[in-house]
Amino acid sequence: MKIRKIDNLRFGLAVLVLIVVFAFVLPVFYRVSPYEQDLSNPLSAPSIDHPMGTDMYGRDLMARIMKGTANTLMVSFLASLVSLITGIIAGVISGFSCGIISELVMRLADVLLGFPKLVMILLISGILSRDIFASFFLLACLSWMETARIIRGEIKVIKESLLYKSLVAAGLSFPKVLLGYISPLLRGKFLVSFTLSFASFILIEISLSFLGLGYASPEPSLGTLLRQARYDPAGSYWIVIFTGLIIIILVSAVNFIADGIKDSLEENVSR
Amino acid sequence: MSRDNIILEVKHLTVGYSQKKPVVKDVSFLLKKGECLAIFGKLGSGKTTIAMAILGFIAPIYGMVLLNSINILKIRGRKRREIRRRIQPIFQDPFLSLHPMKRIKTVLEDSIERESGKSVKRYLNMVGLDASYMDRLPSQLSGGELQRVCIAKALCTNPEVLILDEPFTAQDHVTKVKLAVLLRDLKNKYNLSYLLITHDIFTVSFLSDRVLLLDQGKVTGTMTAGEFREKYIAEL
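These protein sequences, in sequence, are chains P and G.
Quick note: the first sequence uses this note's numbering, first residue 1, plus one each step.
Quick note: the second sequence uses this note's numbering, first residue 1, plus one each step.
Written as structure tokens, this is what we have:
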């Protein structure tokens, strides 16, 4: 049982590492520009010169998928990080404060959770059109609610524990208690929260770019590549297949990691 | 009774979640320097609630807690943190009182007053443990050893009062006796004051000098340890 659960995490991590190598390391050796057009060679099928074929402007698809994966990973990673940090801050404020502040933070979370996420995403992207980093930063700042709820709940439990009482009685300062003693206990929760929002932001980036609200052409991302495939003639199957494969593998790997961490945490608790 | 000798004074302490139904009702008592006062009562009589109110974890509805004549419930901020260190709790489950990922050395180091210049090793020796325990995690220690570490941790703050909340409940009988002897010796050697909270007759008769009887949140009587032994041990 234990081996199977740890395998989830290891498998996910191994696949993610391979994708990261593909997106960030391989381009150093595969010296083909993802932007350079070759109009004499549009929509050519996979070959030795172009292992994943070319798009309608003759651009090398493999170079574009590498760059696109890197762009998607980068923006999703940064957004998840911002979302995690804002979630932790809100959760800590709400968990440690009593009465009105705690309630205020949680009611704000309820309001934001009640707002349809898709509408919020489209609204933000519409306002900050074409500035993908600003859009995702704002989106991440408004995606703290789940993390904050988890952290708040954990802190409320810890505050009632004998451990917390003995730390406070020993006169340890608040930062020392929080950073030295409480945060190591919540590390697993942070990781699960981060990986789940990472998977979610990858899909958001792909959806937004697919709708034309993400990365602007000629900058590739997994979403823009998929969008472009819609306009290509039916015969050019390779664009959809290679891009789709990367998306499925990437999101599955991140979900495997989140499941693996969750399982190993549950195992630690039951032990 | 000379007031100079009084270290902790609890006056008309009333604690509860609603004013109409307090859990602890108008409890008053004095604790002298070097004395062990036991609060003895059935489960649910409000013993631990009194301890939590003294430690500042529950705000009382009414009453005062005076440590060296200072009402510690009124003090806020940094001063409160310093005052808190003078009263240390020892809880019944030592495993839940220690951080599972922190080594014993770190736990004790964080509690030692920097200016005291005393070492972790010294405090471990005081409770009968040697330096080899410093690098261990709580999961590598037995229940009795863990409780000794908790006592050492409490001593690190140079306390005047130890609140012993059912300190031996999670221990087997042999460990219970050994820990009781350790606590008695520490009290005599360092002139510590104990507020012992328990429903265990053995612990009361072995450690305490005076006993406060508590029932349904009210003090129903006080007696000396001798009177307690006569009454309860004879009943057994």
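Note that beta-carbon positions come from the ideal geometry of N, C-alpha and C, so glycine has one too.
Exposed unless 16 or more other CB atoms sit within 10 angstroms - verdict on residue i
i	result
G:Met101	exposed
P:Ile3	Bear in mind that a pLDDT of 48 at P:Ile3, under 50, signals an unreliable position, so the number given afterwards is only what the model happens to contain. Counting Cβ neighbours within 10 Å, P:Ile3 comes out exposed, since fewer than 16 surround it.
G:His173	exposed
P:Ala258	buried
P:Ala253	buried
P:Asn71	buried
G:Lys176	buried
P:Pro184	exposed
P:Val111	exposed
G:Gly56	buried
P:Ile100	exposed
P:Tyr30	exposed
P:Ala45	exposed
P:Ile121	buried
Span separating the alpha-carbon of residue i from that of residue j
i	j	result
P:Met1	P:Asp263	For P:Met1, the pLDDT reaches just 44, beneath the cut-off of 50, and the residue's location in the model is therefore unreliable, although a value from the coordinates is still provided. Near 10 Å, if we compare the C-alpha coordinates of P:Asp263 and P:Met1.
P:Glu146	P:Leu84	10 Å
G:Leu73	P:Ser125	53 Å
P:Val28	G:Ser111	52 Å
P:Ser102	P:Thr54	55 Å
P:Ala109	G:Val65	39 Å
G:Asn71	G:Leu13	12 Å
G:Pro89	P:Ala199	45 Å
G:Leu30	P:Ala90	43 Å
G:Ala170	P:Val105	39 Å
G:Leu186	G:Ala225	19 Å
G:Leu212	G:Met223	7 Å
P:Glu36	P:Cys98	59 Å
P:Val160	P:Tyr181	With the sequence shown as reference, residue 160 of chain P is identified as Glu, and Val is not the correct amino acid for it. In a straight line, the C-alpha of P:Glu160 is about 14 Å away from that of P:Tyr181.
P:Met62	P:Glu266	40 Å
G:Asn188	G:Ile6	17 Å
P:Lys189	P:Ile150	8 Å
P:Val168	P:Val119	45 Å
P:Ser40	P:Val82	44 Å
G:Val24	P:Val92	32 Å
P:Leu178	G:Ala59	23 Å
G:Pro22	G:Gly217	8 Å
P:Ile202	P:Pro175	34 Å
P:Ser236	P:Val21	27 Å
P:Val17	P:Ser173	39 Å
P:Trp144	P:Lys165	28 Å
G:Cys150	G:Ser18	33 Å
P:Thr224	P:Ser217	8 Å
P:Leu191	P:Leu78	14 Å
G:Cys156	P:Leu113	47 Å
Sub-9 Å separation of residue i and residue j beta-carbons
i	j	result
G:Cys36	G:Tyr190	no
P:Ile261	P:Leu9	yes
P:Phe96	P:Ile155	yes
G:Leu124	G:Ala152	yes
G:Tyr207	G:Arg184	The sequence as given places Leu at residue 207 of chain G; Tyr does not occur at that position. Yes, Cβ-Cβ distance for G:Leu207 and G:Arg184 is below 9 Å.
G:Thr203	G:Ala53	no
G:Asp15	G:Val219	First, the amino acid is wrong: residue 15 of chain G is Val here, not Asp. Their beta carbons are not under 9 Å apart, which means G:Val15 does not touch G:Val219 by this criterion.
G:Val161	G:Arg86	yes
G:Asp215	G:Lys42	yes
G:Leu96	G:Val107	no
P:Ala140	P:Ile88	no
P:Leu13	P:Asp232	no
P:Ile19	P:Ile246	yes
G:Leu67	G:Leu129	no
Residue from the options whose Cα sits closest to the Cα of residue i
i	options	result
P:Ser33	P:Leu113, P:Arg149, P:Ile65, P:Asp131	P:Ile65
P:Phe136	P:Ser76, P:Ile182, P:Leu186	P:Ser76
P:Tyr215	P:Tyr181, P:Trp144, P:Ala45, P:Gly68	P:Gly68
G:Lys105	G:Glu113, G:Val120, G:Leu96	G:Val120
G:Asn158	G:Ile61, G:Arg84, G:Lys42	G:Arg84
P:Asp49	P:Ser40, P:Leu43, P:Asp60	P:Asp60
G:Arg103	G:Asp93, G:Leu137, G:Leu129, G:Tyr133	G:Leu137
G:Thr49	G:Glu230, G:Lys231, G:Ile197	G:Ile197
P:Met74	P:Ala23, P:Leu122, P:Ala45, P:Met56	P:Ala23
P:Gly117	P:Gly58, P:Val157, P:Leu208, P:Ser193	It should be pointed out that residue 117 of chain P corresponds to Lys in this sequence rather than to Gly. Among P:Gly58, P:Val157, P:Leu208, P:Ser193, the Cα nearest to that of P:Lys117 belongs to P:Leu208.
P:Phe194	P:Ser221, P:Asn255, P:Phe242	P:Asn255
P:Tyr57	P:Leu142, P:Val240, P:Gln228	P:Gln228
G:Ser142	G:Glu113, G:Leu179, G:Glu227, G:Ala234	G:Leu179
>> Threshold first: 4 residues or longer. Then list the alpha helix (DSSP H) segments lying entirely within the region 236-271 of chain P, N to C.
In response: Qualifying alpha helix (DSSP H) stretches, in chain order: 237-270.
> Mind pulling the alpha helix (DSSP H) runs of 4 or more residues that sit fully within the region 33-93 of chain P?
Replying inline: Entirely contained in the region 33-93 of chain P, not one alpha helix (DSSP H) run reaches 4 residues.
> Taking the runs of the beta strand (DSSP E) that are 3 residues or longer, which of them lie wholly in the region 181-226 of chain G?
Replying inline: If we require 3 residues or more, the beta strand (DSSP E) runs fully inside the region 181-226 of chain G come out as 193-198, 210-215, 218-224.
> Hey, which unbroken runs of the beta strand (DSSP E) at 3 residues or more fall wholly within the region 8-37 of chain G?
Replying inline: Complete beta strand (DSSP E) runs here, min 3: 24-32.
>> For a minimum of 4 consecutive residues, which ranges assigned as the alpha helix (DSSP H) are wholly contained in the region 167-227 of chain P?
In response: For the region 167-227 of chain P, whole alpha helix (DSSP H) runs of length 4 or above, ordered along the chain, are 183-210.
>> My parser needs the alpha helix (DSSP H) runs of 4 or more residues fully inside the region 51-112 of chain G; what are they?
In response: Those alpha helix (DSSP H) runs which fall completely within the region 51-112 of chain G and span 4+ residues are 77-84, 94-97, 104-111.
> Hey, which unbroken runs of the alpha helix (DSSP H) at 4 residues or more fall wholly within the region 89-145 of chain P?
Replying inline: If only complete runs of 4 or more residues are kept, the region 89-145 of chain P shows the alpha helix (DSSP H) at 100-114, 117-127, 132-141, in order along the chain.
>> As an exercise, report each continuous beta strand (DSSP E) stretch of at least 3 residues that is fully enclosed by the region 111-176 of chain G, in chain order.
In response: Those beta strand (DSSP E) runs which fall completely within the region 111-176 of chain G and span 3+ residues are 161-165.
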